[in-house]
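Student: Residue numbers (the numbering used here): 18 to 286.
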Amino acid sequence: MKIKHIFTDMDGTLLDSHGALSDTNHWSIYYSELPITLVSARSPLEMSDVVEKLQLSTPQIAFNGNLTFTQNQFGLQILDKNTLNSETVFQILNYVSSEFPKVSLNWYSLAHWYTNKQDKGTFIQKALTGLEPRIKTFDGQSEIYKIMMIVFDQNELHQLQNQLNQLEIPNIAIQQSGQWYLEITSNKRTKANAVQSILNDEALDFTQIAAIGDGHNDIPLLKAAGLAIAVDNANPEVKKHVKMVVAKNTEHGVAEAISAINTLNEQVI
């Protein structure tokens, strides 16, 4: 069966280690005859420049599946959203600030990135995304989609994750999305759930889609695709769930994947 839609992760997959889109990946997607959806832990604010550059009119997936949107010259059209409860946000922010004061603590609304202090983590995020955070305490006035913690010590990251799990806070998903990143979103959606909604709208079967990823939070996405692909820099655990491994994200792996998909489609009568 031919592939009719491609879903790709951004950081560590489509983008290089500096958060940049290579010309090779850019033009491969821009001229692709297949619809392409970016599936990311990022906020739409952090995805916007790439979506615009690639001129993608298809639905896009943000916040690990908890926001699906389209983007055009008039702005965003929200197709589906799931936010965190304000009391939950207060509880997590207060707990992490108190028990893990060295952790870089960030939270995201639809239009803004917030933090309680400038630190190494925020400087790295600014370099990757080109955005500037708002420094403030959470006041409960904004709908929050994601809490992101950046921890540069693996032992501390695992300790933080374990202690947050032990709090047994309802209706949240706690996921590691990169070597130093721990993210909390609503558990109502995963990347796979959001993809399935798009498939339902397009009357496609899972065997008709390809997914490309690299991280732990991409595994549900990869398991939901008929053709699961990992870039070579992917976590070894991720590679267990794919049918194909392409070049690293720094070596235009997504462009290689699209080329392979086109070749496979040409072989299907």
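For every residue, glycine included, the Cβ atom is placed at its ideal position computed from N, Cα and C. These numbers were taken from a predicted model, which means no experiment stands behind them.
Please report the Cβ distance between residue 67 and residue 96, rounded to the nearest whole angstrom; I am assuming they are in contact, meaning their Cβ atoms lie under 8 Å.
Tutor: With 8 Å as the limit, residue 67 and residue 96 do not qualify as a contact, their Cβ atoms being about 18 Å apart.
Student: Restricting to Cα atoms, I'd like to know which of 211, 252 and 227 is closest to residue 76.
Tutor: Checking every option, the nearest Cα to that of residue 76 belongs to 211.
Student: In chain order, what residues of the same chain lie with their CB nearer than 7 Å to the CB of residue 168, ignoring the 5 residues before and after it?
Tutor: 120, 174, 177, 197 and 199.
Student: Starting from the Cα of residue 204, find the closest Cα among 18, 49 and 105 and give me that residue.
Tutor: When only C-alpha atoms are compared, the closest one is 105.
Student: Taking 6 Å as the limit between beta carbons, can you name the residues of its chain near residue 270, skipping five residues before and five after?
Tutor: The residues are 248, 263 and 264.
Student: In whole angstroms, give me the CA-to-CA distance for residue 132 and residue 126.
Tutor: About 12 Å.
Student: Just verifying my parser: in three-state terms, what is the DSSP assignment at residue 173?
Tutor: Looking at residue 173 - three-state DSSP - the assignment turns out to be helix.
Student: List the whole-angstrom C-beta distance separating residue 43 from residue 71, where the pair is believed to meet the contact cut-off of C-beta under 8 Å.
Tutor: So it is a contact: roughly 7 Å between Cβ atoms.
Student: So residue 44 is in the alpha helix (DSSP H); what residue range does that whole segment cover?
Tutor: It spans 40-47 - the alpha helix (DSSP H) in which residue 44 sits, taken as one unbroken run.
Student: Using the Cα positions of residue 141 and residue 284, report the straight-line distance between them to the nearest angstrom.
Tutor: Roughly 44 Å separates the two Cα atoms.
Student: Is residue 160 close to the ligand MG? I mean its beta-carbon at under 7 Å from any heavy atom of the ligand.
Tutor: Among the components modelled here there is no ligand, and therefore nothing to report on the ligand MG.
Student: Compare the Cα-Cα distances from residue 208 to each of 20, 94, 27 and 21 and report the closest residue.
Tutor: Of the listed residues, the one whose Cα sits closest to residue 208 is 27.
Student: What does DSSP give as the partner residues of residue 132 in its beta bridges?
Tutor: Bridge partners of residue 132: 123 and 152.
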